[in-house]
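Trainee:
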Amino acid sequence: MDNPVETIGTASARIARLAAIRMMLCAVAPALTAIALGLLLEPIGDVTWARYGYALAPDRANVLSLALIGAGIAVLVAGSVMAFRAYRRANDFVAAAAELDDRLECDQEIVTFATLADPSAPESSRARRTPLFPVLWRRAIAMFVGLDVRREFRLEVGEPLKRSSIFAGVVALAMVLATLGLVRAPTPENTEAAKLRSIAEEIAKTATSSDDTVLADKIRQAADALENSKLPPEEKKKRIEDAMREADKAAQKRNNSQSGKNQGTGKSTAQSGKGNGKGQGNSSGSGSGEGKSGTGVGQNAGGNNPGAGKGGTGKNSGKNDGGKGSAKNDQNKGDQSNIELQNELAKAEAQVETANAKNPGPESKPGNDKNQGGANKPGEKVDQKSGSQPNPNRPGEIPKPGASGDRNIPSAGGNPKNNKDLGSNMGDTHLGEMPTSTNAQRFLKPGEKGSTVDIKDARYVMFRLPGAPTSGNGGKTVLDTDRPTATTAYVNAPLAPTSDNAPPDERQLVPPRYRDMIH
Amino acid sequence: MGAAPQQVSPDQRVADFRKIFSRAESEVARVIVGHRDVVRKLLTALFCGGHILIEGVPGLGKTLMVKAASETLGLSFKRIQFTPDLMPSDIIGTQVLTEADGHREFQFKPGPIFAHMVLGDEINRATPKTQSAVLEAMEEHQVTVFGTTYVLDPPYIVLATQNPIELEGTYPLPEAQMDRFIFKVVMGSPKPDELREILDRTTGTTHNKIQPLFEPARAPQAIEDLKALVREVMVAEPLERYIISVIGGCTPGGPGAIPEVSQYLRFGPSPRGAQALILCAKVNALLAGRVSVSYDDIDDAIIPCLRHRLLLNFQAEAESVSAESILEQVIKRLKKPRT
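For the protein sequence lines, the chains are A and B, in the order given.
Each residue of the first sequence is one higher than the one before, counting from 164 in this note's numbering.
Each residue of the second sequence is one higher than the one before, counting from 11 in this note's numbering.
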C-alpha cells in the first residue's frame with residue numbers, strides 16, 4: 164500500500180518534468196530552424212535566389228546569417244528559461260493532486276486530501292484536518308490502487324511539436340521576408356567580384372606555396388575593393404593592379420619551376436623493334452615507343468601548352484607508324500587558370516574604369532567641402548584644383564598596349580599554331596591576337612543574326628571608320644529650284660569606296676557589359 | 011444510531027448520517043406526496059443549523075410537511091400564523107404576573123417560538139416589528155424579554171412560508187431578514203399522479219403513521235451530533251476559492267461579475283450566502299458518502315442558497331429576469347475555467 168502523499172509527490176515531479184520537456188520541445192524546432200537557416204544561408208542562396216540572378220551582398224548575408232543564428236540561440240535560451248519556469252510552476256503538490264483528481268474522477272477528494280497533507284504547506288493547514296481526515300486518507304489510498312503515474316502522465320510530443328512547427332514556420336517566413344528585402348540584382352561589379360572570389364578560392368585550395376596564398380588574398384582584396392562603393396576608383400584600381408602583379412609573379416614562378424620538368428609520355432607503335440622516344444619542345448618531354456623489335460629514338464615535340472607529345476620513331480625498326488602519345492602537362496592547367504585570372508582582373512579593372520567614367524565623382528556644391536577640391540563658384544576655374552575630384556569631362560581611359568595591356572597577353576610559348584583553345588568559359592583566350600576584321604555590310608535588322616564574329620569576351624574591338632568624303636572634281640553644283648532649300652550646307656557627293664582589306668583605324672574598349680552580347 | 015461521536019468510527023458516523031437522512035426522507039414521504047426536493051432541503055437546513063423560507067400557494071402541505079419532519083426526528087414543533095395584528099410578545103412570550111405563596115411575581119411565559127421546529131405561516135403578513143422579533147431568535151437562538159435573555163434549545167429551526175399571491179396588505183420581508191434564511195424553496199403544485207395519491211391518502215380511511223427516528227429525549231443531542239458531523243466535512247482551498255468567485259460573480263461590480271449581474275442586480279449575496287453555500291455543500295457531500303466537498307456539491311447548492319439573496323433592480327423586474335436565471339448564467343460562466 165503506497166503512501167498517497169508519496170504518490171501525489173511522484174505525480175507532481177512527473178508533471179513538472181513533462182511540462183519542462185513540452186516547453187523545451189516548443190522552442191527546439193524554431194531554434195534549430197533558425198540556426199540551420201543561418202548556417203546554410205549560402206547553399207540555400209545558391210539554389211534559390213542565386214539561380215535567378217539575384218545576389219545577397221556578403222555583408223548583408225553575414226548579418227542575416229548571424230541574426231538567424233543569434234535568434235536561434237536566443238530562442239533556445241528563452242526556451243530553457245521557460246522550461247525551467249514551467250518546471251517550477253508545474254511542480255505543485257496541490258495542482259498535481261487536482262490533475263490526478265480529474266483523471267481518476269474523484270470529486271475533488273484528492274485535492275482536498277492534498278491541501279491538508281501537503282508536506283510543503285505550513286503547519287496551520289494541517290490544523291484544518293478534522294476527525295474525518297483518516298476517512299479521506301483511506302479513500303485516497305483506495306483511489307490510487309493500480310495507478311501508474313508514468314503511464315497516466317505520458318510524454319505526448321505531438322502537440323508541442325505541432326505548436327513548435329508553427330513557430331519554426333514563422334521563423335522560416337521571417338527569414339524569407341528578410342531575404343526578399345535584402346537580395347539585390349547583382350551589379351557587374353558584384354558578378355566580377357564573385358568570379359574573382361571563386362578563383363581565389365580555387366587558388367587557395369590548391370595552394371602549394373605561400374605565394375599562392377598571398378595571391379589568393381590579393382585577389383580577395385581586389386574583389387572586396389571592387390564591390391566596395393566607398394572606395395575611390397584609384398584605390399580600387401590599385402588593389403586590382405596589386406593582384407595582377409601578384410598573378411604575374413606567380414605565373415613567372417610557375418614558368419620557371421616548370422621549365423625542364425614537364426614530362427610527356429608518348430607511345431609509338433612500330434611493326435618491328437622497340438623504340439624509346441625523347442621529345443624536346445620549349446619544355447622537355449620524353450616519349451616511349453614500343454615496337455616488335457629493336458629500339459627507336461624519336462623526337463617528341465611535346466609542346467607545353469597543348470600537352471600532346473608525339474611519339475618517337477623507331478630507329479631500328481625502320482617502319483614506325485608514328486606512335487601517338489599523350490602527355491600530361493600540369494603547367495597547361497596552371498596557365499589556363501592564370502589566364503582566366505588575369506582576364507578577370509582585367510575585366511574588373513575595365514569595370515572600374517567604366518564606372519569611373521560614368522560617375523565622375525560627386526558634384527561639389529559651392530562653398531561646401533574644401534578638401535574635395537574646393538567649391539565651384541560661378542566663373543571660377545576650379546577643375547584643376549588639387550584634390551581627388553576627377554574631371555567629369557575627361558575621356559575614358561584606354562589601356563595602352565605597352566603597360567597593363569601586356570599583362571593581359573599570356574606568353575604564347577612555342578608555336579602558336581600548336582596552341583589549342585580549350586574553350587574556357589572564363590574569358591578570352593584570344594588575347595594577344597587581333598581578330599580579323601570582317602566586312603560589316605549593313606546593320607542587322609532586329610532578330611536577324613549576321614555572320615558570326617568570334618569576338619566573344621573580347622576586350623577590344625577594332626573597327627575602321629569610313630574615310631572622309633572627298634568630292635574631288637566630281638562635285639558639281641546643281642540648281643534645282645523645285646527642291647526645298649536646305650538651311651545648312653551639304654555636299655551631294657557619294658562616299659568613296661573603301662577597301663575591305665584596309666587596316667583598322669581605331670580600336671576602342673568594348674564596355675564589359677556588351678562583351679557577352681557580341682557573337 | 012445517534013451514539014456519541016467519540017464511540018464510533020468516522021466511517022460509521024458518515025454511514026449513520028446517510029442512513030438517518032434517508033430514513034427521515036422516507037418517513038416524511040409517508041405523509042407528503044412528492045416535494046422530495048423540498049423535504050431534502052428542509053432536512054439539509056436542519057443539519058446545517060439554518061432556517062428555511064418556503065414559498066408556495068396555500069394548501070400544498072407545508073404545515074404538514076414540517077409537522078411530519080418534526081415528528082420523524084422527535085423534535086418539538088410549534089406553528090405561528092402571522093397576521094398584521096400579531097404582536098412580538100405573541101411570538102416570543104411575555105411576563106405574566108403570578109401569585110404563589112402570597113408573593114406576586116412576574117413569570118415568563120414562553121411564546122410559540124420556544125420549540126425545536128417553528129413554522130411561521132405567511133410571515134409576510136406580520137408587521138415589520140413582529141417580523142424583527144423573530145430575527146433575533148433565528149440568528150442568536152435566544153430571545154430577550156424585559157432584559158432577560160432566554161436561550162432557545164438546540165436544535166432550532168424556523169420554517170417560514172410566504173404566499174406569493176394576495177400581496178395587498180402584506181409586508182414583504184426586508185433584505186436583512188431574507189438573508190437569514192439559508193434556503194428559499196419554491197413549492198410547486200403537485201403533478202397529476204401525485205395529486206391523485208394525495209387524494210387517496212387524505213380522503214380515505216387509512217392514515218400513514220410516522221415512525222420517529224429518535225426518542226424525544228435523545229433527539230436534540232442526536233441531531234446536534236449530526237450537525238457537528240456536517241461541520242467536520244473538509245473543503246479544499248481551491249473549492250473555497252470557487253465559492254468566493256461565485257459570490258464575487260453575483261455581486262454587481264464585484265470581481266468576475268458577469269454582465270447580466272451588473273445589468274440586473276442591485277445587490278449581491280452577503281458573506282452569509284457563502285457560509286450557506288459551504289454548509290449546504292457539506293451536507294451534499296455527506297449524502298454522497300464523501301467527507302470532502304466537490305464542485306458539484308457547491309453547484310447544487312448555489313440556486314437555493316443564493317436566489318433570495320440577490321436583489322433585482324427595476325430593469326430585471328420589467329424584463330422578467332429571475333434571480334435563478336442569473337445564477338444559472340454565473341454557474342455556466344464559472345464552470346468552464348474550473349474544469
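We put the CB at the ideal spot given by N, CA and C, even for glycine.
Locate the beta strand (DSSP E) running through Gly71 of chain B, then write down its first and last residues.
Mentor: The residue given as residue 71 of chain B occupies position 61 in the second sequence. Gly71 of chain B -> no beta strand (DSSP E), and no H or E assigned at all.
Trainee: For Arg241 of chain B and Leu289 of chain B, I'd like the C-alpha separation in whole angstroms.
Mentor: As a working mapping, residue 241 of chain B is identified with position 231 in the second sequence. As a working mapping, residue 289 of chain B is identified with position 279 in the second sequence. Straight-line Cα distance between these residues: approximately 7 Å.
Trainee: Run down chain B in chain order and give the residues with a C-beta less than 7 Å from the C-beta of Leu343 of chain A.
Mentor: As a working mapping, residue 343 of chain A is identified with position 180 in the first sequence. What Leu343 of chain A touches in chain B: nothing, since even the nearest Cβ is about 43 Å away.
Trainee: Hey, which unbroken runs of the alpha helix (DSSP H) at 4 residues or more fall wholly within the stretch 16-59 of chain B?
Mentor: 20-41, 46-58
Trainee: Chain A beta carbons: is any one of them nearer than 8 Å to that of Leu275 of chain B?
Mentor: Indexing the second sequence from 1 puts residue 275 of chain B at position 265. No, no contact with chain A.
Trainee: Between Pro281 of chain B and Leu320 of chain B, is the Cβ-Cβ spacing less than 8 Å?
Mentor: The residue given as residue 281 of chain B occupies position 271 in the second sequence. The residue given as residue 320 of chain B occupies position 310 in the second sequence. Between Pro281 of chain B and Leu320 of chain B, the CB-CB gap reaches or exceeds 8 Å.
Trainee: For Met127 of chain B, list the residues DSSP reports as bridge partners.
Mentor: Indexing the second sequence from 1 puts residue 127 of chain B at position 117. Paired residues: B:Phe87, B:Ile167.
Trainee: Does the separation of the CB atoms of Ile308 of chain B and Ile253 of chain B fall below 8 Å?
Mentor: The count along the second sequence starts at 1 and reaches residue 308 of chain B at position 298. The count along the second sequence starts at 1 and reaches residue 253 of chain B at position 243. At the C-beta level, Ile308 of chain B and Ile253 of chain B come within 8 Å of one another.
Trainee: Which chain B residues are close to Val274 of chain A, counting only those with a beta carbon under 7 Å from its beta carbon?
Mentor: By one-based count along the first sequence, residue 274 of chain A stands at place 111. Chain-ordered, the chain B residues with CB closer than 7 Å to the CB of Val274 of chain A read Ala246, Pro248.
Trainee: Have a look at Ala370 of chain A and Asn418 of chain A and give me their C-alpha separation to the nearest angstrom.
Mentor: Mapped onto the first sequence, residue 370 of chain A falls at position 207. Mapped onto the first sequence, residue 418 of chain A falls at position 255. In a straight line, the C-alpha of Ala370 of chain A is about 16 Å away from that of Asn418 of chain A.
Trainee: I need the straight-line Cα distance from Ile171 of chain A to Leu299 of chain A, nearest angstrom please.
Mentor: The residue labelled residue 171 of chain A in the question sits at position 8 within the first sequence. The residue labelled residue 299 of chain A in the question sits at position 136 within the first sequence. Going by the C-alpha atoms only, they are around 14 Å apart.
Trainee: Near Val312 of chain A, what residues of its chain come up, given a Cβ to Cβ distance below 8 Å and the 5 sequence neighbours on each side ignored?
Mentor: Here residue 312 of chain A is taken as the residue at index 149 of the first sequence, counted from 1. Here the set comprises Thr170, Thr173, Ala174, Arg177.
Trainee: Under a CB-based cut-off of 8 Å, is Tyr166 of chain B close to chain A?
Mentor: As a first step, residue 166 of chain B must be located in the second sequence, where it is residue number 156. With 8 Å as the cut-off, Tyr166 of chain B does not count as an interface residue toward chain A.
Trainee: Candidates B:Arg46, B:Asp131, B:Ala238: which alpha carbon is nearest Ile90 of chain B's?
Mentor: In the second sequence, residue 90 of chain B corresponds to position 80, counting from 1. The shortest Cα separation from Ile90 of chain B among B:Arg46, B:Asp131, B:Ala238 belongs to B:Asp131.
Trainee: Rounded to whole angstroms, what is the Cα-Cα separation between Gly452 of chain A and Glu365 of chain A?
Mentor: Here residue 452 of chain A is taken as the residue at index 289 of the first sequence, counted from 1. Here residue 365 of chain A is taken as the residue at index 202 of the first sequence, counted from 1. Per-residue confidence for Gly452 of chain A stands at a pLDDT of 40, beneath the threshold of 50, marking its modelled position as unreliable; no derived number is given.
Trainee: Pair every Cβ in the stretch 247-265 of chain B with every Cβ in the stretch 104-111 of chain B, then say whether three or more of these pairs are closer than 8 Å.
Mentor: no
Trainee: Strictly by DSSP, which residues pair up with Ile64 of chain B?
Mentor: In the second sequence, residue 64 of chain B corresponds to position 54, counting from 1. B:Thr171, B:Val195, per the DSSP bridge assignment.
Trainee: Determine the DSSP secondary structure at Asn571 of chain A, reduced to helix, strand or coil.
Mentor: Numbered from 1 along the first sequence, position 408 holds the residue referred to as residue 571 of chain A. Low confidence applies to Asn571 of chain A: its pLDDT is 45, below 50, so where it sits in the model is not reliable enough to give any reading.
Trainee: On a CA-only basis, which of B:Ala78, B:Val155, B:Leu287 is nearest Val43 of chain B? Give me that one, please.
Mentor: The count along the second sequence starts at 1 and reaches residue 43 of chain B at position 33. When each option's Cα is compared against that of Val43 of chain B, the closest is B:Ala78.
Trainee: With H, G and I counted as helix, E and B as strand and the rest as coil, what does DSSP make of Ile178 of chain A?
Mentor: Locating residue 178 of chain A in the first sequence gives position 15, where the first residue counts as 1. It is helical.
Trainee: Can you give me the Cβ contacts of Pro206 of chain A inside the same chain, cut-off strictly under 8 Å, excluding the 5 residues immediately before and after it?
Mentor: Here residue 206 of chain A corresponds to residue number 43 of the first sequence, with the count starting at 1. For Pro206 of chain A, where only same-chain residues beyond five positions count, there are no Cβ hits under 8 Å.
Trainee: Is Glu115 of chain B buried or exposed, if buried means 16 or more other CB atoms sit within 10 Å of its CB?
Mentor: Locating residue 115 of chain B in the second sequence gives position 105, counting from the first residue. The residue in question, Glu115 of chain B, is exposed, as its Cβ has fewer than 16 Cβ neighbours within 10 Å.
Trainee: For Val243 of chain B versus Val301 of chain B, is the C-beta distance shorter than 8 Å?
Mentor: Translated into the one-based positions of the second sequence, residue 243 of chain B becomes position 233. Translated into the one-based positions of the second sequence, residue 301 of chain B becomes position 291. For Val243 of chain B and Val301 of chain B, yes; Cβs fall inside 8 Å.
Trainee: Which same chain residues end up closer than 6 Å to Thr517 of chain A when comparing Cβ atoms and leaving out the 5 residues on each side of it in sequence?
Mentor: Here residue 517 of chain A refers to the residue found at position 354 of the first sequence. Hits under 6 Å: Pro674.
Trainee: I want to see whether chain A comes within less than 8 Å of Asp310 of chain B, judged by CB atoms only; does it?
Mentor: Your numbering for residue 310 of chain B matches position 300 in the second sequence. No, its Cβ sits nowhere closer than 8 Å to a Cβ of chain A.
Trainee: If you compare alpha carbons, which of B:Lys194, B:Asp235, B:Ser304, B:Ala238 is closest to Val245 of chain B?
Mentor: Locating residue 245 of chain B in the second sequence gives position 235, where the first residue counts as 1. If you compare the alpha carbons of B:Lys194, B:Asp235, B:Ser304, B:Ala238 with that of Val245 of chain B, the shortest gap goes to B:Ser304.
Trainee: Note down the Cα distance separating Arg347 of chain A from Thr196 of chain A, rounded to an integer number of angstroms.
Mentor: What you label residue 347 of chain A is simply residue 184 of the first sequence in a count that begins at 1. What you label residue 196 of chain A is simply residue 33 of the first sequence in a count that begins at 1. Roughly 24 Å between the two C-alpha positions.
Trainee: Measuring alpha carbon to alpha carbon, tell me which of B:Gln231, B:Val340, B:Lys219 ends up nearest Arg40 of chain B.
Mentor: Residue 40 of chain B sits at position 30 when you count from the first residue of the second sequence. If we check each option's Cα against that of Arg40 of chain B, B:Lys219 comes out closest.
Trainee: Does any residue of chain A have a CB that is nearer than 8 Å to the CB of Asp21 of chain B?
Mentor: On the second sequence, position 11 is the one that residue 21 of chain B refers to. True, the Cβ-Cβ gap to chain A drops below 8 Å.
Trainee: Run the CB neighbour count on Pro323 of chain A, radius 10 Å, all protein chains shown included, and call it buried at 16 or more, exposed below.
Mentor: Your numbering for residue 323 of chain A matches position 160 in the first sequence. Buried, since its Cβ has 16 or more Cβ neighbours within 10 Å.
Trainee: Examine chain A for any beta-carbon lying closer than 8 Å to the beta-carbon of Arg300 of chain B, and answer yes or no.
Mentor: Taking the first residue of the second sequence as position 1, residue 300 of chain B is located at position 290. Yes - at least one Cβ of chain A is within 8 Å of the one on Arg300 of chain B.
Trainee: Ignoring anything shorter than 4 residues, give me the alpha helix (DSSP H) runs that lie fully in the stretch 168-220 of chain A, in order along the chain.
Mentor: 204-210
Trainee: For chain A, find out if any of its Cβ atoms is closer than 8 Å to the Cβ of Ser304 of chain B; answer yes or no.
Mentor: For the purposes of this step, residue 304 of chain B is identified with residue 294 of the second sequence, where counting begins at 1. Answer yes: the Cβ-Cβ gap between Ser304 of chain B and chain A drops below 8 Å somewhere.
Trainee: I'd like to know whether the C-beta atoms of Leu169 of chain B and Val271 of chain B end up nearer to each other than 8 Å.
Mentor: Along the second sequence, one-based indexing puts residue 169 of chain B at 159. Along the second sequence, one-based indexing puts residue 271 of chain B at 261. No. Outside cutoff.
Trainee: Could you compute how far the alpha carbon of Ala286 of chain B sits from the alpha carbon of Gln117 of chain B?
Mentor: The residue you call residue 286 of chain B lines up with position 276 of the second sequence. The residue you call residue 117 of chain B lines up with position 107 of the second sequence. About 37 Å.
Trainee: What residue ranges within the stretch 306-357 of chain A form continuous alpha helix (DSSP H) runs of no fewer than 4 residues, ordered along the chain?
Mentor: 312-315, 321-345
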